[in-house]
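The numbers in the numbering used here rise by one with no breaks, and the one at position 48 of the sequence shown is 55.
Glycine residues also receive a C-beta, built at the ideal position from the N, C-alpha and C atoms.
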Amino acid sequence: MARCKKCNAEIYFLNTSNGKLIPVDANSLNEVELYDLKNGLRRLYNHKRHISHFSTCKFAGSFRKKNYKKKKHNPFDYYDTLFKN
Ligand SMILES: [Zn+2]
8 MARCKKCNAE IYFLNTSNGK LIPVDANSLN EVELYDLKNG LRRLYNHKRH
58 ISHFSTCKFA GSFRKKNYKK KKHNPFDYYD TLFKN
């Protein structure tokens, strides 16, 4: 388990299909996934079920343009803007 450095929320890092890690809200994970993650196993991010912490962090707005939440977005695009350069 990890905590967001910005808001201290409980998050877990899931693997994405392109080999990156994405922070996900702990409460969007099911019991099996939590169990595996706590035991050092990796789980794959599923955008249909898991909630990226980028979309819920109240401090993420500082990285974003205004009205970002109103737009449809791909969380991976946002992830890239944070970690590129
Ligand atoms: Zn946060």
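Leu36 is classed as buried because its beta carbon has at least 16 other beta carbons within 10 Å across all chains shown.
Our two residues, Glu40 and Asp32, have alpha carbons roughly 12 Å apart in a direct line.
Here Cys64 is buried, its C-beta having at least 16 other C-beta atoms within 10 Å. Boundaries around Phe61 are those of the alpha helix (DSSP H), His60 to Thr63, since no beta strand (DSSP E) includes it.
By a beta-carbon distance limit of 8 Å, Leu21 does not contact His54. Their separation comes to about 10 Å. Ligand 1 has a heavy atom closer than 8 Å to the beta-carbon of Ile18.
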